[in-house]
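First up is the structure itself, then whatever we jot down about it.
2 protein chains.
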Amino acid sequence: MFDLILKNLSRHITLTPEEAERFTSYLQRRTLRKKQYLLQGGDVSRYECFVNKGCLRTYLVDDKGQEHIVQFAIEEWWTGDMYSFINGRPSLYHIDALEDSEVFLIDRPSWEKMFVEIPKLERFYRLLLQNAFISMQRRIAENMSLSAEERYANFQQRYPHFEQRLPLKQIASYLGITPESLSRIRKKMVKG
Amino acid sequence: MFDLILKNLSRHITLTPEEAERFTSYLQRRTLRKKQYLLQGGDVSRYECFVNKGCLRTYLVDDKGQEHIVQFAIEEWWTGDMYSFINGRPSLYHIDALEDSEVFLIDRPSWEKMFVEIPKLERFYRLLLQNAFISMQRRIAENMSLSAEERYANFQQRYPHFEQRLPLKQIASYLGITPESLSRIRKKMVKG
DNA sequence: CGTCTATTTGAATGTACTCAAAAGCGGTGG
DNA sequence: CCACCGCTTTTGAGTACATTCAAATAGACG
């Protein structure tokens, strides 16, 4: 049951069997049906989330009612609204399932406790955040310097499996363009 | 000399005098003249950097020769190219001084050592990255959902002091628009 | 099978861009 | 201290890429 998440930890740190045992005791398993919310904008995010199976999206809705996807999370990704989780303030984001999914959740008290009881996790989380930070930075840079077409080409290259798995509309939203635009870009790229 | 950086640490963790002493022993002080590089694209980033005085920018240059600012860093901000620093790969970014500045640098060996010798720093860095991650995420969301004018208004509100300190050209580059566009936006906002 | 949503296509529109030139500002050296 | 040079900012005109709105087609799900 905890194979994947323990494998994920082992990418950065090595836990003793006891520590692993303790760590997994903090986790709550939850299944989500397609379209089910994990977090709704306005609520306080009570969990950090590890995706064991399926696919979630984090998005916000602007005043015009348009959705903008900030992040996808598939198997072995972590997600959640860190800001709301840490500060206890209402979240600006919605998180829901794009497929039937299975996740592990950690609530705030467990979160605090686990860093105290297993200090190695501080390192794990630092490294996780480091990587997330790096890819965010790159995404910002790309959003500023590349055309929609180039951004899409990069997306395909970087996340080849997302391509088949996600509907066009979601990808468009992630890239910050309209579905119509992405449809045209695809058509053009097939011909080109 | 180390007042500011120790104050910065104390926002998240409490060091004993000995630990503080040890921590500062890792630091190298360096002054930068306006326009001086801390890091040039293509080089490997050898330092993480704390700004004690002045202002730096991190930017990349696209194929058309255009600069895109990913981050500003003024007093009490940390900066650097985390990706290059960690992975030892050439950096995509340039970092230089927009004003005469004074910084403290930590090189990679010291960086590794300090986390081992002062494990509390893992926590500090995790929290630092957590905040950085949160604001990156928000920036991505804003870049996607807001018009140039709204992004500028947010920038003014969030970083009021940057407004007077930074030339229009640099702000435009940070917002992902041309100087011409920002000039027009400003004109419009004064009238409106 | 029918309904609802996603995707495609077309036409008109708009926001921000490019290119060009003038005006403003700041730093440097005579 | 002033004049000059280079860079920044402003303004104008034309353009391009992506958007909006609308409608048709395709696909998914109950």
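Protein sequences appear in the order of chains A and B. Under the numbering used here, read the first sequence as residues 1 to 192, first letter to last. Under the numbering used here, read the second sequence as residues 1 to 192, first letter to last. Where a beta carbon is used, it is the ideal one built from N, C-alpha and C, also for glycine. Computed from a predicted model, the values in this text were never measured in an experiment.
Buried versus exposed, by CB contacts within 10 Å (16 or more), residue i
i: residue 87/B; result: exposed
i: residue 65/A; result: exposed
i: residue 10/B; result: exposed
i: residue 190/A; result: exposed
i: residue 63/B; result: exposed
i: residue 116/B; result: exposed
i: residue 32/B; result: buried
i: residue 3/A; result: exposed
i: residue 57/A; result: buried
i: residue 173/A; result: buried
i: residue 42/A; result: exposed
i: residue 1/A; result: exposed
i: residue 37/A; result: exposed
i: residue 48/B; result: buried
Any chain B beta carbon closer than 8 Å to residue i
i: residue 122/A; result: yes
i: residue 176/A; result: yes
i: residue 179/A; result: no
i: residue 132/A; result: yes
Rounded C-alpha distance that separates residue i from residue j
i: residue 167/B; j: residue 100/B; result: 15 Å
i: residue 50/A; j: residue 163/B; result: 40 Å
i: residue 169/A; j: residue 69/B; result: 29 Å
i: residue 151/A; j: residue 109/B; result: 36 Å
i: residue 184/B; j: residue 159/B; result: 20 Å
i: residue 89/B; j: residue 44/B; result: 6 Å
i: residue 179/A; j: residue 118/A; result: 45 Å
i: residue 155/B; j: residue 60/B; result: 20 Å
i: residue 123/A; j: residue 72/B; result: 26 Å
i: residue 97/A; j: residue 145/B; result: 22 Å
i: residue 136/B; j: residue 106/A; result: 23 Å
i: residue 200/B; j: residue 131/A; result: Summary: the structure shown does not reach residue 200/B, with chain B confined to residues 1 through 192, and so no result is reported for it.
i: residue 157/A; j: residue 77/A; result: 18 Å
i: residue 21/B; j: residue 81/A; result: 36 Å
i: residue 111/B; j: residue 121/B; result: 10 Å
Residue-level contact to chain A via CB, residue i, 8 Å cutoff
i: residue 182/B; result: no
i: residue 56/B; result: no
i: residue 65/B; result: no
i: residue 114/B; result: no
i: residue 68/B; result: yes
i: residue 119/B; result: yes
Contacts of residue i in chain B (Cβ-Cβ under 7 Å)
i: residue 126/A; result: 122, 125, 126, 129
i: residue 168/A; result: Those within 7 Å of residue 168/A in chain B number zero; the least Cβ separation is about 17 Å.
Residues that residue i contacts on chain B, provided the C-beta gap is smaller than 8 Å
i: residue 60/A; result: 141, 145
Residue i: contacting residues in chain A (beta-carbon distance under 8 Å)
i: residue 82/B; result: 130, 133, 134, 137
| said: Under 7 Å, CB to CB, which of the residues in the segment 134–160 of chain A have a partner in chain B? | reply: 134, 136, 137, 139, 140, 141, 143, 144, 145
| Contact list for the segment 24–54 of chain A against chain B, Cβ threshold 7 Å | none
| Proximal residues, the segment 84–112 of chain B versus chain A, C-beta separation under 7 Å | 86
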